[in-house]
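See structure below.
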């Protein structure tokens with residue numbers, strides 16, 4: 030993997046070499062092996078490289094044509110590059126390297142932008158074409174947004190980067206926080222694509238590319254997951270198992286091509302266990318596996334990873350994690366998670382990647398398995414709770430008030446069964462489809478929404494605006510397909526993939542996601558729902574496939590998830606973060622935060638009268654981020 034950045038300024042202005050050097054310094058962690066730049070007056074491109082394929086200097090970037098009229102900077106991996114290379118060779122194209130960068134470059138030269146839709150991989154890239162009257166800069170991002178790409182276009186100028194940090198060095202990009210995006214961040218724990226926390230900057234949508242010629246910016250879509258419609262396969266369960274096994278095997282073989290060592294993140298769950306078993310069947314080579322071990326039994330699933338590793342005879346590495354190890358990662362969050370991101374499992378993920386990098390440079394991850402094959406508990410809950418939408422809101426509200434009288438709702442100290450009742454009450458209070466969907470991919474429910482608006486001083490803000498367009502695109506689908514698309518188009522990109530990319534790139538480790546292979550996605554999209562969720566069993570087909578390879582203790586286990594006791598830590602070991610970042614003086618410097626409301630949250634949480642760990646941790650990360658990047 031790599032880091033890319035660049036500028037296209039107005040005629041008469043000049044990009045300085047010092048600025049490109051600074052860009053590469055800020056992206057060094059994404060590409061620690063080599064760096065390079067291209068500069069011609071008002072246009073500059075920069076690149077930092079993590080060597081994976083063709084380790085020679087011939088594949089260094091920017092990659093240029095002999096006449097310097099075409100220049101490419103690229104971050105990612107094209108898994109079908111060998112097929113495209115062979116096709117181009119049959120047309121007389123000669124290659125000077127063995128990697129995928131030159132294949133992408135030649136594909137752009139010979140097929141134009143049509144090549145983007147044919148790519149099976151994870152990528153973001155920028156291609157400068159100087160053969161026209163006006164130089165044309167194209168920036169593109171992969172189907173699912175595995176690789177990040179930020180951009181800003183103002184006053185006939187364009188800047189882009191793999192992370193937010195280089196863009197903050199540009200004087201015409203203002204560091205103005207968008208308060209509505211701040212609200213969404215506190216609600217979801219991430220900034221939803223295509224927004225960014227800063228008003229002047231956007232994220233390029235997955236499956237999209239932009240073209241800029243110095244005056245006009247055009248956005249094009251080559252893949253929109255919300256427009257995909259299932260064409261259900263007329264196959265038996267056994268036929269589906271066979272097809273899934275073949276497609277997963279092909280994906281793993283493609284994604285195991287590397288000139289550096291490859292490993293697997295093995296949690297002992299369905300997805301990572303299936304990846305490991307399939308790898309050994311298809312690559313036929315011993316693999317290094319990596320897992321986290323906690324001392325606290327309620328969070329530890331390392332025993333399952335040990336069973337899988339022993340059964341498959343992998344070279345297994347277990348990383349024992351003490352709370353202090355995770356606390357030591359906290360100061361690194363703003364640097365590597367370049368805009369606020371508060372999923373606390375980023376801490377063990379960063380530690381896992383740091384340790385894995387000591388043995389390998391590429392790691393296969395099970396990300397995407399839950400989204401493609403219906404693996405989340407929340408997904409099945411949505412199927413069963415959807416009937417609530419047909420009960421009029423006044424009736425639901427009356428029942429909610431009755432429940433609240435029956436039990437004192439303080440989720441911070443309730444046993445599990447009562448916490449589930451509390452969540453049920455929260456779900457009862459949704460007003461429309463937007464709120465119903467938002468509840469299941471966020472950390473804050475409808476009952477807490479008015480309070481969240483007070484915290485961000487947005488009392489009149491319609492918090493469902495961002496989701497309205499999504500719900501419009503979903504409304505003519507079956508409920509099952511709506512739920513699938515909801516998680517695939519939001520949670521997958523903005524939480525799951527962002528966490529893995531930032532945590533791995535922090536340590537110069539490339540994370541690959543075999544479940545998001547183009548062919549495997551097309552198969553899962555057309556797979557009938559009863560083969561994904563059957564008799565209350567989530568990821569039914571994957572479990573059946575895994576049962577052919579591993580013992581029942583693995584195939585029949587419930588999904589555990591990757592969690593840490595943040596609720597308790599904020600009351601004890603991490604209370605100093607509240608004192609430092611959420612004190613009244615610090616809060617008063619932010620025009621969008623209400624110190625009185627935040628202080629009340631803190632008191633309720635510390636006194637165990639409520640559980641506000643999601644909002645408080647999100648606020649801490651937000652304040653850390655502002656301090657690190659000098660956002661006033």
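Residue numbers (this note's numbering): 30 to 661. Ideal placement from N, C-alpha and C gives every residue a C-beta, glycine not left out.
| Query | Result |
| --- | --- |
| Starting from residue 232, follow its DSSP beta bridges and name the residues at the other end. | 179 |
| Can you check the stretch 61-139 for any alpha helix (DSSP H) of at least 4 residues that lies completely inside it and give the ranges in chain order? | 110-119 |
| Pick from 206, 235 and 139: whose alpha carbon is nearest that of residue 527? | 235 |
| Is there contact between the stretch 407-423 and the stretch 357-371, where contact requires at least three CB pairs shorter than 8 Å? | no |
| Using a Cβ distance threshold of 8 Å, determine whether the stretch 548-565 contacts the stretch 284-297, with at least three qualifying pairs required. | no |
| Given that a residue counts as buried once 16 or more other Cβ atoms are within 10 Å of its Cβ, and exposed if not, what is residue 84? | exposed |
| Mind checking who residue 170 pairs with in its DSSP beta bridge? | 153 |
| Give the DSSP-derived three-state secondary structure of residue 655 in the structure shown. | helix |
| Among 267, 252, 182 and 202, which residue has its Cα nearest to the Cα of residue 241? | 182 |
| Rounded C-beta distance between residue 218 and residue 647? I'm assuming under 8 Å. | 6 Å |
| Buried or exposed for residue 315, please, with buried defined as at least 16 other CB atoms from any protein chain shown within 10 angstroms of its CB. | exposed |
| Using only the alpha-carbon positions, how far apart do residue 325 and residue 336 sit? | 19 Å |
| Once the 5 residues before and after residue 228 are set aside, which same chain residues still bring their CB inside 6 Å of it? | 205 and 207 |
| On the DSSP bridge assignment, give the partners of residue 318 in chain order. | 293 and 345 |
| With a threshold of 16 other CB atoms inside 10 Å of the CB of residue 14, please say whether the residue is buried or exposed. | Coverage of the chain is limited to positions 30 through 661, which leaves residue 14 absent and any answer about it impossible. |
| Output yes or no for whether 8 Å exceeds the beta carbon distance between residue 273 and residue 552. | yes |
| So, are the CB atoms of residue 170 and residue 153 less than 8 Å apart? | yes |
| If I measure Cβ to Cβ from residue 578 and keep anything under 6 Å in the same chain, skipping five residues before and after, which residues do I get? | 306 |
| Can you give me the C-alpha to C-alpha distance between residue 638 and residue 179, rounded to a whole angstrom? | 41 Å |
| Identify whether residue 541 lies in helix, strand or coil by the three-state DSSP scheme. | strand |
| Could you give the C-beta distance for residue 458 and residue 476, rounded to a whole number, given that I count them as a contact under 8 Å? | 5 Å |
| Residue 634 to residue 627, Cα distance in whole Å? | 11 Å |
| When you compare each of 249, 216 and 42 to residue 480 by their alpha carbons, which one comes out closest? | 216 |
| Could you give the DSSP three-state label for residue 31: helix, strand or coil? | strand |
| Tell me whether residue 251 sits in a helix, a strand or coil according to DSSP, three-state version. | coil |
| Output yes or no for whether 8 Å exceeds the beta carbon distance between residue 385 and residue 243. | no |
| Quick check: the stretch 113-129 against the stretch 49-69, are there 3 or more CB pairs under 8 Å? | no |
| Grab me the residues of residue 308's own chain with a C-beta within less than 6 Å of its C-beta, minus the 5 sequence neighbours each way, in chain order. | 281 and 316 |
| DSSP three-state label for residue 563, please. | strand |
| Is it true that the CB of residue 592 sits closer than 8 Å to the CB of residue 328? | yes |
| Would you report the Cα separation of residue 614 and residue 361, rounded to the nearest angstrom? | 24 Å |
| Pull the bridge partners of residue 190 from the DSSP assignment, please. | 34 and 179 |
| Taking 8 Å as the cut-off, decide whether the C-beta atoms of residue 539 and residue 30 are in contact. | yes |
| Distance check for residue 465 and residue 456, CA to CA, integer angstroms please. | 7 Å |
| Would you tell me roughly how many angstroms separate the C-alpha atoms of residue 36 and residue 168, rounded to the nearest one? | 11 Å |
| According to the neighbour-count rule (16 or more other Cβ atoms, all chains shown, within 10 Å of its Cβ), is residue 392 buried or exposed? | buried |
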